[in-house]
Amino acid sequence: MSGSTPPIHALTRRDFLAGSAALIGSASLARPRALAASGPEGGAVRNVILIVSDTLRRDALGCYGSTWVKTPHLDKFSGKSVVLDQAYVSSFPTVPCRNDVLTGRYTFTYKPWAPIDPDAVTLQETLARAGIRTALIADTRHPFAGEMNYQRGFEATHLIRGQEGEKFKSEPAEPKFPCDVNKLRSGPRVVTNYLRNVHDRRGEEDYFVAQTMRAAADWLRGRKTHDPFFLYVDTFDPHEPWDPPRQYVDRYDPGYTGQEVIYPRYDRWRDFLTEAELKHCRALYAAEVSLVDRWIGHLIETVETLGLLGDTLVIVASDHGFLLGEHGFIGKLCIRDSGRQSLPLYPEISRIPMILSYPGGRPGTRLNLLAQPVNLMPTILEFLGVPIPDQVQSPSLTAALQGRADPAAVRIVVSSPTLSHARLRTPDPADRSSICDGRWMLVYGAQTDRVGRRRQTTTVPADESPPTPELYDLDADPACGRNLYAARYEVARGLHVSYVGLLEKCRMNETHLRFFRKLPDPAAKE
-14 MSGSTPPIHA LTRRDFLAGS AALIGSASLA RPRALAASGP EGGAVRNVIL
36 IVSDTLRRDA LGCYGSTWVK TPHLDKFSGK SVVLDQAYVS SFPTVPCRND
86 VLTGRYTFTY KPWAPIDPDA VTLQETLARA GIRTALIADT RHPFAGEMNY
136 QRGFEATHLI RGQEGEKFKS EPAEPKFPCD VNKLRSGPRV VTNYLRNVHD
186 RRGEEDYFVA QTMRAAADWL RGRKTHDPFF LYVDTFDPHE PWDPPRQYVD
236 RYDPGYTGQE VIYPRYDRWR DFLTEAELKH CRALYAAEVS LVDRWIGHLI
286 ETVETLGLLG DTLVIVASDH GFLLGEHGFI GKLCIRDSGR QSLPLYPEIS
336 RIPMILSYPG GRPGTRLNLL AQPVNLMPTI LEFLGVPIPD QVQSPSLTAA
386 LQGRADPAAV RIVVSSPTLS HARLRTPDPA DRSSICDGRW MLVYGAQTDR
436 VGRRRQTTTV PADESPPTPE LYDLDADPAC GRNLYAARYE VARGLHVSYV
486 GLLEKCRMNE THLRFFRKLP DPAAKE
């Protein structure tokens, strides 16, 4: 199959944007100016700080409406920044999202969870060629360790080891588990490694997100020149294992004495958790979010103290969310001994926070601008006045952020697991995209009769038909409880046309694209 896959760089940015104007909106696709961009009332942007927090749900932040989870630092930052109310996942999950961020390409159309491509044109390398210094500070190990090599091209890298199940430390030989191992994803393996890695932790400053944000703050304080810079800070928290300091947990579930399922199986929660255990999982997650808030706040306070906000673009974003009992699941996909299978990317997973502070940005502004991580590379480049490479597919958001273009120019966003790659024979119908225009969301997968072991493990019935598409009105039904696909088929059809148009503009392999061209008519007779 690899022989029929077109080169991923065969489509230039000029070709892509020219063909995408009607689909995504021409106002947001202007080429960058020669000089660094500035806001209507601000100076030019010289520096960029990008902060990515893995698995940070949008609705866990006070600035996005949370009344339960306490996030005072990010709430304060949002009051001084521009908050995007319509930010969504692009390629899902962790590693494909980082490929989106660092290449500006729609990864789900051509590439799975895999190392950086040798010929990829990356954000950090593009900036370095323009004379901008670059640094990566991260505890998220999956993209930045070993052969994955997404750290390629950064002038400086500081990788904090030990997150999740990394084989980093060897003692104690038999750590004490906080719950029955049959409640844990991957059984004892990952949590054994994790508990060893954190065994000698002494205080809050030793937690991973604290180490990462402190290291980033130290890097900023230690700069010896005033050269422009790009600092990328990536923390795996609040991803599981959920293991925050006890005082954070007690804010949300005081007096709990049951099992602490810090790394739960990705499955139907009622199959292995009690209601009290699920409630405590939510408390553990909330506590992790508050911990993340505290330490991102530490970094932002350092930025302010150093006087950098006047010429720096600061972005806080996430890669995806997580189901905490909604739709009957805990996790972001379903994993069982017999295999793994995607879940629909409902808003609890697909909607993400995205907050930006930049010169000229009006504090406290909220924009209904459809935005995704894949937009970050061209947006950053345009803010800095660096030409956008032809290989970048996604539009810059800079003009809309600065009031030079209509935020409604971006018509749809697509959140998706991988749909096509060189080793794939037939797309899995359970790998469904969420196609959203800001109000309506269509959940749609390949129209194929493929049936295999993976399909028989989880949410998709193991019959001979693909899953029925789903359509939700997010304004009236944000929890996606009422499927309106049959009742509002014309809306679904419009979203599907735009979706196929995007796949075509990305030159997705026709061997796979053909399975996405048909939208079944619910009124058609068998």
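Just so you know, we're using the numbering used here here: the sequence shown kicks off at -14 and counts up by one. Note that CB positions come from ideal geometry on N, CA and C, so glycine has one too.
### Query
Rounded to the nearest angstrom, how far is the Cβ of H58 from that of I320, given a contact under 8 Å?
By one-based count along the sequence shown, residue 58 stands at place 73. By one-based count along the sequence shown, residue 320 stands at place 335. At roughly 33 Å, the Cβ-Cβ gap does not stay under 8 Å, so H58 and I320 are not in contact.
### Task
Quickly, what does DSSP pair N32 with across the bridge? List them, please.
For the purposes of this step, residue 32 is taken as residue 47 along the sequence shown, with counting starting at 1. Answer is T297.
### Message
P412 and F500 - do their beta-carbons sit closer together than 8 Å?
### Response
Taking the first residue of the sequence shown as 1, we reach residue 500 at position 515. Taking the first residue of the sequence shown as 1, we reach residue 412 at position 427. Yes, the Cβ-Cβ distance between F500 and P412 is below 8 Å.
### Message
Closest to I34 by C-alpha separation, out of L298, N468, P329 and D304, would be which residue?
### Response
On the sequence shown, position 49 is the one that residue 34 refers to. The shortest Cα separation from I34 among L298, N468, P329 and D304 belongs to L298.
### Task
For V234, collect the residues of the same chain with a Cβ closer than 7 Å to its Cβ; drop the 5 residues on either side in sequence, then sort them by chain order.
Within the sequence shown, the letter at position 249 stands for residue 234. Only A268, L269 and A272 meet the Cβ criterion.
### Message
Residues in the same chain with beta-carbon distance under 7 Å from I9, minus the five sequence neighbours each way, listed in chain order, please.
### Response
For the purposes of this step, residue 9 is taken as the residue at position 24 of the sequence shown. The pLDDT assigned to I9 is 47, lower than 50, so where the model puts this residue is not dependable; a value taken from the coordinates is nonetheless given after this. Excluding residues within five positions, the ones whose Cβ falls inside 7 Å are P380, V395 and R396.
### Task
Express the C-alpha separation of A195 and R206 in angstroms, rounding to a whole number.
On the sequence shown, residue 206 is found 221 positions in, with the first residue counted as 1. On the sequence shown, residue 195 is found 210 positions in, with the first residue counted as 1. Answer to the nearest angstrom: the Cα atoms are 16 Å apart.
### Message
My output table needs one value for P454: the three-state DSSP class, helix, strand or coil.
### Response
Working through the sequence shown from its first residue, we reach residue 454 at position 469. Looking at P454 - three-state DSSP - the assignment turns out to be coil, as it is neither helix nor strand.
### Message
Which of the three DSSP states is assigned to A(-5) in this structure?
### Response
Within the sequence shown, residue -5 is the residue found at index 10, counting from 1. Its pLDDT being 42, under 50, A(-5) is placed unreliably by the model, and the measurement read from it follows with that caveat. A(-5) falls in the coil class under three-state DSSP.
#### Entry: G324: first and last residue of the uninterrupted beta strand (DSSP E) it sits in
Looking up residue 324 in the sequence shown gives position 339. From DSSP, the beta strand (DSSP E) with G324 extends over G324 to S327.
### Nearest-angstrom Cα separation, counted from R467 out to R137
For the purposes of this step, residue 137 is taken as the residue at position 152 of the sequence shown. For the purposes of this step, residue 467 is taken as the residue at position 482 of the sequence shown. Going by the C-alpha atoms only, they are around 45 Å apart.
### Query
Looking at C-alpha atoms only, which residue of W227, V30 and Y49 is the closest neighbour of A302?
Start at 1 with the first residue of the sequence shown, and residue 302 comes out as number 317. Closest by alpha carbon: Y49.
### For R321, three-class secondary structure by DSSP
Residue mapping note: residue 321 aligns to position 336 of the sequence shown, counting from 1. Strand.
### Message
Output needed for N353: all residues of its chain with C-beta closer than 7 Å, excluding positions within five of it in sequence on either side, in chain order.
### Response
In the sequence shown, the residue the question calls residue 353 occupies position 368. D70, Q71, P392 and G423, listed in sequence order.
### Query
Taking C-alpha atoms, which residue in P230, V30, V218 and V246 lies nearest to D191?
The residue you call residue 191 lines up with position 206 of the sequence shown. Closest option to D191, Cα to Cα, is P230.
### Query
Given that a residue counts as buried once 16 or more other Cβ atoms are within 10 Å of its Cβ, and exposed if not, what is R440?
Here residue 440 is taken as the residue at index 455 of the sequence shown, counted from 1. Low confidence applies here, because R440 scores a pLDDT of 47, under 50, leaving its location unreliable; read the following figure in that light. With 16 or more Cβ atoms within 10 Å of its Cβ, R440 is classed as buried.
### Query
Looking only at C-alpha atoms, which of F153, C164, W53 and A202 sits nearest to H184?
Residue mapping note: residue 184 aligns to position 199 of the sequence shown, counting from 1. Here the closest residue by C-alpha is F153.
### Boundaries (first-last residue) of the alpha helix (DSSP H) holding T290
Counting from 1 along the sequence shown, the entry for residue 290 is found at position 305. Counting along the chain, the alpha helix (DSSP H) containing T290 begins and ends at E260 to T290.
### Task
Tell me F314's beta-bridge partners as DSSP assigns them.
Sequence index remark: in the sequence shown, residue 314 carries index 329 (1-based). Paired residue(s): R253.
### Query
Can you list the beta strand (DSSP E) stretches of 3 or more residues lying completely in the stretch 184 to 227, in chain order?
214 to 220
### Message
Rounded to the nearest angstrom, what separates G429 and P454 at their Cα positions?
### Response
As a working mapping, residue 429 is identified with position 444 in the sequence shown. As a working mapping, residue 454 is identified with position 469 in the sequence shown. In the sequence under discussion, the amino acid at residue 429 is Tyr, which differs from the Gly named in the question. Roughly 5 Å separates the two Cα atoms.
### Three-way DSSP call (helix, strand, coil) for Q71 in this model
Position 86 of the sequence shown holds residue 71. Q71: strand per DSSP, three-state reduction.
### Pick from R236, G313, L456 and I247 that is closest to S275, judged by C-alpha positions
The residue labelled residue 275 in the question sits at position 290 within the sequence shown. Comparing Cα-Cα distances from S275 to each of R236, G313, L456 and I247, the minimum goes to R236.
### Same chain only: Cβ atoms within 8 Å of D165, ignoring 5 sequence neighbours per side
Working through the sequence shown from its first residue, we reach residue 165 at position 180. Excluding residues within five positions, the ones whose Cβ falls inside 8 Å are Q244.
### Task
Counting only the same chain and skipping the five closest in sequence on each side, list residues whose C-beta sits under 7 Å from that of G349.
Within the sequence shown, numbered from 1, the residue matching residue 349 stands at position 364. Closer than 7 Å at the Cβ level, and outside the excluded window around G349, lie G64.
### Task
Within the stretch 460 to 487, note down every full alpha helix (DSSP H) run reaching 4 residues or more, in order along the chain.
none
### Query
Does the stretch 81 to 99 come within contact of the stretch 114 to 123, defined as at least 3 CB pairs closer than 8 Å?
no
### Query
Taking only runs of the alpha helix (DSSP H) that begin and end inside the stretch 108 to 193, which ones reach a length of at least 4 residues, in chain order?
108 to 114, 126 to 129 and 173 to 182
### Task
Could you check the C-alpha separation between G310 and D296 for me, to the nearest Å?
Within the sequence shown, numbered from 1, the residue matching residue 310 stands at position 325. Within the sequence shown, numbered from 1, the residue matching residue 296 stands at position 311. For G310 and D296, the distance between alpha carbons rounds to 42 Å.
### Query
For the alpha helix (DSSP H) that contains C82, what are its first and last residues?
As a working note, residue 82 is residue 97 in the sequence shown. Its alpha helix (DSSP H) spans residues T79 to T88.
### Query
Nearest-angstrom Cα distance between T287 and N32?
Locating residue 287 in the sequence shown gives position 302, counting from the first residue. Locating residue 32 in the sequence shown gives position 47, counting from the first residue. Distance between the alpha carbons of T287 and N32 is about 15 Å.
### C-alpha gap between P226 and I285, whole angstroms
Locating residue 226 in the sequence shown gives position 241, where the first residue counts as 1. Locating residue 285 in the sequence shown gives position 300, where the first residue counts as 1. In a straight line, the C-alpha of P226 is about 25 Å away from that of I285.
### Query
On the three-state DSSP scale, how would you describe M426?
Here residue 426 corresponds to residue number 441 of the sequence shown, with the count starting at 1. It is a strand residue.
### Query
Taking one C-beta from the stretch 165 to 180 and one from the stretch 246 to 266 each time, how about it: are there three or more such pairs within less than 8 Å?
yes
### Message
Closest to F93 by C-alpha separation, out of R199, N494, S323 and H481, would be which residue?
### Response
Against the sequence shown, residue 93 aligns to sequence position 108. When only C-alpha atoms are compared, the closest one is N494.
### Message
According to DSSP, is N494 part of a helix, a strand, or is it coil?
### Response
Locating residue 494 in the sequence shown gives position 509, counting from the first residue. Of the three classes helix, strand and coil, the one that applies to N494 here is coil, per DSSP.
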